[in-house]
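Below is one structure, written out as structure tokens, with a few remarks after it.
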Amino acid sequence: MAGDRSLRSQVEKLIGSTRGQAARVRLLERTRSGGTCRVCIQIDRPTGTFSLFFFRHADGTWHVFPPGQHRPAMGMSRKAA
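Just so you know, the sequence shown maps onto residues 758 to 838 in my numbering.
Rendered as structure tokens:
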């Protein structure tokens with residue numbers, strides 16, 4: 758399970774092994790409020806260069822989609838008489 762949580766394992770799951778290819782972190786950004794971490798990985802291949810953005814979710818996993826925003830919510834619970 759720990760291997761599936763690493764950023765490297767997510768990159769390799771999407772594009773295959775990066776051995777022998779240049780793969781570098783181009784952007785590491787963390788928001789002040791929620792601590793959301795965003796990383797841009799640039800991969801150089803003989804056919805060209807491309808980038809992938811990954812977002813770290815609250816459970817520690819990395820995904821190519823951002824985590825859902827926590828929005829304020831109000832609720833009223835019924836009180837038993």
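The C-beta atom is built at its ideal place from N, Cα and C for all residues, glycine as well.
Since the structure is predicted, the reported quantities are computational estimates derived from the model, not experimental observations.
Contact under 7 angstroms by Cβ, residue i with residue j
{"i": "Gln-799", "j": "Arg-789", "result": "no"}
{"i": "Cys-797", "j": "Ser-808", "result": "yes"}
Counted within 10 angstroms of its Cβ, other Cβ atoms place residue i as buried (16 or more) or exposed
{"i": "Phe-811", "result": "buried"}
{"i": "Val-768", "result": "buried"}
Span separating the alpha-carbon of residue i from that of residue j
{"i": "Lys-770", "j": "Arg-802", "result": "16 angstroms"}
{"i": "Gly-773", "j": "Arg-762", "result": "16 angstroms"}
{"i": "Leu-764", "j": "Asp-816", "result": "13 angstroms"}
{"i": "Arg-813", "j": "Gly-825", "result": "11 angstroms"}
{"i": "Val-821", "j": "Arg-781", "result": "16 angstroms"}
{"i": "Ser-766", "j": "Pro-823", "result": "18 angstroms"}
Chain-order list of residues whose beta-carbon lies under 6 angstroms from that of residue i (same chain, five-residue window excluded)
{"i": "Ala-779", "result": "Asp-801"}
{"i": "Thr-804", "result": "none"}
{"i": "Glu-786", "result": "Arg-795"}
Check: residue i C-beta below 6 angstroms from any heavy atom of the ligand GTP
{"i": "Arg-795", "result": "Questions concerning the ligand GTP fall outside what the structure shown contains, since it holds no ligand whatsoever."}
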